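Residue 5 is where the sequence shown starts when you use the working numbering, and the numbers rise one by one after that. Take a look at the structure below.
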Amino acid sequence: MSLTTDLKDELARTPAPSAQAMAAEVAATLRFAGGLHLVSGRILIEAELDSPVAARRLRTFLKALYNAESTVVVVSGGSLRRGKRYVVRVVRKADELARLTGLVDSLRRPVRGLPAVLVASGVDEAAAIWRGAFLARGSLMEPGRSTSLEVTCPGPEVALAMVGCARKLGAAARSKEV
């Protein structure tokens, strides 16, 4: 297994220190791996993860925090992506979940960055945000000349919020547009 896979497996098995940290991790995971879809005027939430343990963790947190029922669909890898992908899907009460996690505002408009209340929260929540982001879209560059941890952000606002959370944790981070 690769270092990224090993780290994702370890992070997905790490217990959350509090309900607030769980909520921060869920919000980050849904922001990075998720997608909002409108189906017949109703919101549907999907989060695509590459780890079955991370998918189970997300489903467990969704049920514990929001009493949200979810399903998992396993998608086989194609020409661009190798390996299986696990799509966690929420259909019932997805609009309420999207509002509670900060994916949409009170007028059901998609929010571009991370919820301000999360970015302004404590160290445990900042660590949970990074954990959720890494589980969703993170990778480790293999050891060598320049070892690094990278997270692919859905937009520049999210990248800026991640730099702020890293600073709160005492880590050096920078965003770069590619």
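From the three backbone atoms N, C-alpha and C, an ideal C-beta is built for every residue, glycine too. Owing to the predicted nature of the structure, the values given are computational and were not obtained by experimental measurement.
Cα-Cα separation, residue i to residue j
i    : j    : result
A16  : E129 : 16 Å
K180 : M145 : 16 Å
L173 : V127 : 6 Å
M26  : G117 : 19 Å
D99  : Y70  : 12 Å
A102 : V123 : 17 Å
S6   : R86  : 13 Å
S55  : W134 : 16 Å
G28  : S22  : Correcting the residue identity first, residue 28 is Ala in this sequence and not Gly. If I take the Cα positions, the gap works out to 10 Å.
G45  : A175 : 42 Å
A3   : G148 : For residue 3 there is no data in the structure shown, the boundaries of the chain being 5 and 182.
A170 : L53  : 22 Å
V94  : T75  : 7 Å
E14  : A137 : 14 Å
V182 : L139 : 21 Å
L11  : I47  : 32 Å
L111 : P158 : 21 Å
Q24  : G39  : 22 Å
A132 : K88  : 25 Å
Any C-beta of chain B under 8 Å from that of residue i
i   : result
Y70 : No chain B is part of this structure, which consists of one protein chain only.
Cutoff 7 Å; reference residue i; Cβ partners in own chain excluding five residues on either side
i    : result
L34  : I49, A51, T105, L107
V162 : R35, G117, L118
R178 : V167
Option in the options with minimal Cα separation from residue i
i    : options            : result
V77  : S110, A59, A68, S6 : A59
P19  : L40, V57, E154     : V57
V121 : L11, T8, A31, G39  : A31
L42  : R113, Q24, A131    : R113
Presumed contact (8 Å Cβ cut-off) between residue i and residue j, rounded CB distance
i    : j    : result
T156 : R141 : 4 Å
K97  : A68  : Contact doesn't hold; Cβ gap of about 15 Å is too wide.
Other residues of its chain near residue i: CB distance less than 8 Å, five sequence neighbours each side excluded
i    : result
Y90  : E52, L53, D54, S55, P56, A58, A59, V76, V77, V78, V79
V115 : G106, L107, V108, D109
T8   : G142, S143, L144
P160 : S179, E181
Other residues of its chain near residue i: CB distance less than 6 Å, five sequence neighbours each side excluded
i    : result
L153 : L144
S125 : none
Cβ pair count under 8 Å reaching 3, the segment 61 to 81 against the segment 155 to 166: no
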